[in-house]
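In what follows, a single structure is set out as structure tokens and then discussed.
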Amino acid sequence: MTRPTRQREDRTRWQGEEEGEADEDVDLDDLDPEDLVRTADGELIHEETGLIIEEEQIDPGPEWRAFNHQERQEKSRVGAPTTQTMHDKGLTTTIDWKDKDAYGRSISSRKRSQMHRLRKWQERIRTKDAGERNLQFALSEIDRMASALGVPRSVREVASVIYRRALNEDLIRGRSIEGVATSALYAACRKEGIPRSLEEISEVSRVERKEIGRTYRYISQELGLEMKPVDPKKYVPRFCSELELSEEVQSKANEIIETTAEKGLLSGKSPTGYAAAAIYAASLLCNEKKTQREVADVAQVTEVTIRNRYQEQIEAMGIHS
Numbered sequence: 001m002t003r004p005t006r007q008r009e010d011r012t013r014w015q016g017e018e019e020g021e022a023d024e025d026v027d028l029d030d031l032d033p034e035d036l037v038r039t040a041d042g043e044l045i046h047e048e049t050g051l052i053i054e055e056e057q058i059d060p061g062p063e064w065r066a067f068n069h070q071e072r073q074e075k076s077r078v079g080a081p082t083t084q085t086m087h088d089k090g091l092t093t094t095i096d097w098k099d100k101d102a103y104g105r106s107i108s109s110r111k112r113s114q115m116h117r118l119r120k121w122q123e124r125i126r127t128k129d130a131g132e133r134n135l136q137f138a139l140s141e142i143d144r145m146a147s148a149l150g151v152p153r154s155v156r157e158v159a160s161v162i163y164r165r166a167l168n169e170d171l172i173r174g175r176s177i178e179g180v181a182t183s184a185l186y187a188a189c190r191k192e193g194i195p196r197s198l199e200e201i202s203e204v205s206r207v208e209r210k211e212i213g214r215t216y217r218y219i220s221q222e223l224g225l226e227m228k229p230v231d232p233k234k235y236v237p238r239f240c241s242e243l244e245l246s247e248e249v250q251s252k253a254n255e256i257i258e259t260t261a262e263k264g265l266l267s268g269k270s271p272t273g274y275a276a277a278a279i280y281a282a283s284l285l286c287n288e289k290k291t292q293r294e295v296a297d298v299a300q301v302t303e304v305t306i307r308n309r310y311q312e313q314i315e316a317m318g319i320h321s
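Under the numbering used here, the first residue of the sequence shown is numbered 1, with each subsequent residue one higher.
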């Protein structure tokens, strides 16, 4: 295999060769691969001779430069990225509500009424059938609940994908749209490692906790969602923050959960109740006492659950209350 190569102007002389001999064919098979160096510019250079073996690199970036976020936004010639959280994936146009022209000046009342009619019809034609209207409603519900729970954007995207899969598999039939949407959000929270309990989910939903749990089990089984058991330690930072407990209590609670879980106490137990009991025990051990009622309110479990888990944990730790 032979290929013509060239040389930079400042490297045209080496090892006593005459200028202009750089254009001769070089047998690439004779070159030692260890002598080839890839530069930061993407060029492949033979280190010993200075020959440039490869130089044409495709730059996928823009031809313009920007030095801050505002410049980048002003120079960009593309719209927002596609998203699963909108029924049309964000590909349709929208008409702004500002009632301003391109120069920022207010438009006349006649033009305002015309733009109002255009917006109304534009909203109507975005959904072509009942299926799209249902999807639009479900995704808006997911967005509303996710905002109320304070979960990141990635969870909303995953929940939207799960709901779309359930819709394509015809799992919505015979079930409420709100129930399936809430179950998709609950599944997405678990998938992304940002667990929210069924109680927290049901508080922001319009369906009962029992229906959410039943629908969640159904769609996770039908869609083959592999859900690992929730680690109680993932609840500890949030609960401790709401109770205004120190890092010491948080570390002690995690230690209690790890030690007792290794002894098999976690099996079959609610992770929220288990985390709440560990926090209660840790607060006593670190002299930052919180009542069972305070911890139960934050974790949304009963005081009986905390007492039962607490007794099991301190016995396993060999601590006498």
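Heads up, the beta-carbon is just placed ideally off N, CA and C, and yes, glycines get one too.
query: CB contact flag (A261, A276, <8 angstroms); result: no
query: C-alpha gap between D170 and R117, whole angstroms; result: 36 angstroms
query: Contacts around L225, its chain only, beta-carbon distance under 7 angstroms, and the 5 residues preceding and following it disregarded; result: A187
query: Neighbour-count burial assignment, L266, 16 or more Cβ in a 10 Å radius; result: buried
query: Same chain only: Cβ atoms within 7 angstroms of K252, ignoring 5 sequence neighbours per side; result: A282, L285, C286
query: Backbone secondary structure at V155 - three-state DSSP; result: helix
query: Counterpart residues of H69 in DSSP-defined beta bridges; result: H69 is not bridged to any residue.
query: Sequence-distant residues of its chain with Cβ nearer than 8 angstroms to E294 (five each side left out); result: L243
query: P229 vs I257 beta-carbon contact at 8 angstroms; result: no
query: Contact check, L36 vs L44, beta carbons under 8 angstroms; result: yes
query: Candidates R196, W121, S160, E288: closest to H87 by CA position; result: S160
query: Cα-Cα separation, E315 to E208; result: 36 angstroms
query: Own chain residues within Cβ distance below 8 angstroms of R133, not counting five before or after; result: T127
query: Sheet register partners of E54 (DSSP bridge); result: L44
query: Close-in-space but distant-in-sequence residues of the same chain around L305 (CB under 6 angstroms, 5 per side omitted); result: The sequence shown places Thr at residue 305, rather than the Leu named in the question. Contacts found: G273.
query: Selection from I162, Q70, V204, V158 that minimises the alpha carbon distance to M145; result: V204
query: Per-residue DSSP class, three states only, for V301; result: coil
query: Separation of G131 from R119, as counted between CA atoms; result: 22 angstroms
query: Three-state class that DSSP yields for D96 in the structure shown; result: coil
query: Residue ranges of each beta strand (DSSP E) within the stretch 247-286, 3 or longer; result: none
query: Classification of V78 by the beta-carbon crowding that lies within 10 angstroms, buried from 16 upward; result: exposed
query: Assigned exposure category for Q73 - 16 Cβ within 10 Å defines buried; result: exposed
query: Opening and closing residue of the alpha helix (DSSP H) in which R175 lies; result: No alpha helix (DSSP H) contains R175, which DSSP labels as neither H nor E.
query: L91, buried or exposed, once every other Cβ within 10 Å from all chains shown has been counted against 16; result: exposed
query: Exposed unless 16 or more other CB atoms sit within 10 angstroms - verdict on F67; result: exposed
query: Pair within 8 angstroms by beta-carbon distance, I142 and R156; result: yes
query: Per-residue burial, L185 [other beta carbons within 10 Å of its own, 16 or more giving buried]; result: buried
query: Terminal residues of the beta strand (DSSP E) in which S198 lies; result: Rather than Ser, the amino acid found at residue 198 in this sequence is Leu. Premise fails: L198 lies in the alpha helix (DSSP H), 198-204, not in any beta strand (DSSP E).
query: According to DSSP, residues forming a beta bridge with S106; result: K100
query: Alpha-carbon to alpha-carbon, I125 and S154; result: 28 angstroms
query: Beta-carbon proximity of R196 to L149, cut-off 8 angstroms; result: yes
query: Anticipated Cβ contact below 8 angstroms, G179 with E211, distance rounded; result: 5 angstroms
query: Candidates E222, Y280, Y216, R214, of which the one nearest L326 by Cα; result: The first residue shown for the chain is 1 and the last is 321, placing residue 326 beyond what the model contains.
query: Boundaries of the beta strand (DSSP E) in which V207 is found, first to last residue; result: No beta strand (DSSP E) contains V207, which DSSP labels as neither H nor E.
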